[in-house]
Ligand code: DOR
Ligand code: ZN
């Protein structure tokens, strides 16, 4: 097949940042996706509905003319988020989820949750609203090997939480392990997972291919091949519990190429095209639409988008870097080909 047309897709996990970086990266997402779940890990974090609504306005102001794009906002959960904040979020109609970062797990997570036991009332309120809890599923215990942090998180924290709150909807974000996929499959209809393009395309060898590769460093860190295979199986299976979430996470080149480089891979410039490669390799391009355009909306109880996006199999080379204000950004596959490109869209 040389071209495919799908219902306009959504990105159910995206870092848009703020200020100059926001203006650089937003057009890449808005050209491809009609909506995105926007992560709240700004500095300072988006902990209230008021902050989320102000951030939403900044995103819309940064949107180039002619591009329609709906930012679906999220709240950053802290030990002290009151239940009323969750109800206010729901009533706003603009906030669609609450994000649980274990304190210290990743970028700008210092204000995250130190003990989920302290959030029970707030999570019970969240369950009442029907909005999902979005989970960065990694323990922060330094005793736990970095490659085991997702599996241990599920055992120690996620499984007990789901038992305690049977009404809570959960998205295990950027699932990276076979155990994670199996857990989600077995957990009933209220638990789903997002999958990134980079975890579907790379295993952990990519971190060390010929030398240290900081642009392949993200959290959760890339895993071994048997895990990548399980992720691809889940993505292409047609199971509605699995859907697209890029976790595109831009950092300036200088912050990535550093003695202590930041976690995050920028994929927004080629996101849907990269997923098309995965589905094509699996021989099921016809299932891309469910994964990219239908499953996530259904889980969030939102209608699918109107309009379509058409992709054509026609390779192009990703630029080595992208200027971004005074900074530079190194996109995924820099200097290398991507097999698919956007051929056009009908914005409904
Ligand atoms: O690689 C990552 N980058 N993982 C995260 O969880 C956060 C993200 C970021 O904000 O840079
Ligand atoms: Zn993320």
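In my numbering, the protein residues as written are 1 to 348. We treat Cβ as the ideally placed atom computed from N, Cα and C, and that holds for glycine. Everything numeric in this text was worked out from a predicted model, so none of it was measured.
Where residue i falls: helix, strand or coil (DSSP)
i: residue 257; result: coil
i: residue 73; result: strand
i: residue 322; result: strand
i: residue 304; result: coil
i: residue 15; result: coil
i: residue 221; result: coil
i: residue 206; result: helix
i: residue 63; result: coil
i: residue 110; result: coil
i: residue 52; result: helix
i: residue 317; result: strand
i: residue 22; result: helix
i: residue 294; result: helix
i: residue 82; result: coil
i: residue 337; result: strand
i: residue 126; result: helix
i: residue 359; result: No statement about residue 359 is possible, as the shown extent of the chain runs from 1 to 348 and does not include it.
i: residue 133; result: strand
i: residue 270; result: helix
i: residue 288; result: helix
i: residue 40; result: coil
i: residue 29; result: helix
i: residue 89; result: helix
i: residue 347; result: coil
Neighbour-count burial assignment, residue i, 16 or more Cβ in a 10 Å radius
i: residue 146; result: exposed
i: residue 186; result: exposed
i: residue 258; result: exposed
i: residue 306; result: exposed
i: residue 243; result: buried
i: residue 35; result: buried
i: residue 39; result: buried
i: residue 125; result: buried
i: residue 115; result: exposed
i: residue 109; result: buried
i: residue 224; result: exposed
i: residue 41; result: buried
i: residue 54; result: exposed
i: residue 347; result: exposed
i: residue 141; result: exposed
i: residue 156; result: exposed
i: residue 247; result: buried
i: residue 238; result: exposed
i: residue 211; result: exposed
i: residue 43; result: exposed
i: residue 29; result: buried
i: residue 264; result: buried
i: residue 32; result: buried
i: residue 104; result: exposed
Check whether residue i and residue j have beta carbons under 9 Å apart
i: residue 197; j: residue 69; result: no
i: residue 311; j: residue 273; result: yes
i: residue 177; j: residue 227; result: yes
i: residue 194; j: residue 245; result: yes
i: residue 220; j: residue 149; result: yes
i: residue 102; j: residue 183; result: no
i: residue 11; j: residue 268; result: yes
i: residue 121; j: residue 83; result: yes
i: residue 266; j: residue 292; result: no
i: residue 127; j: residue 78; result: no
i: residue 329; j: residue 251; result: yes
i: residue 47; j: residue 14; result: no
i: residue 180; j: residue 204; result: no
i: residue 349; j: residue 201; result: This structure gives no information on residue 349, because the portion of the chain shown stretches from 1 to 348.
i: residue 190; j: residue 172; result: no
Bridge partners - residue i, DSSP secondary structure assignment
i: residue 46; result: Partner(s): none; residue 46 has no beta bridge.
i: residue 35; result: 10, 70
i: residue 4; result: 311
i: residue 342; result: 311
i: residue 265; result: 248
i: residue 194; result: 243
i: residue 102; result: 113
i: residue 97; result: 74
Interface flag, residue i vs chain D, CB-CB below 9 Å
i: residue 251; result: Here chain D cannot be found, since the structure has a single protein chain.
Please specify which runs of the beta strand (DSSP E), each continuous and at least 3 residues long, are wholly inside the segment 136–192, giving them in chain order.
-> Whole beta strand (DSSP E) segments, 3+ residues: 170–172.
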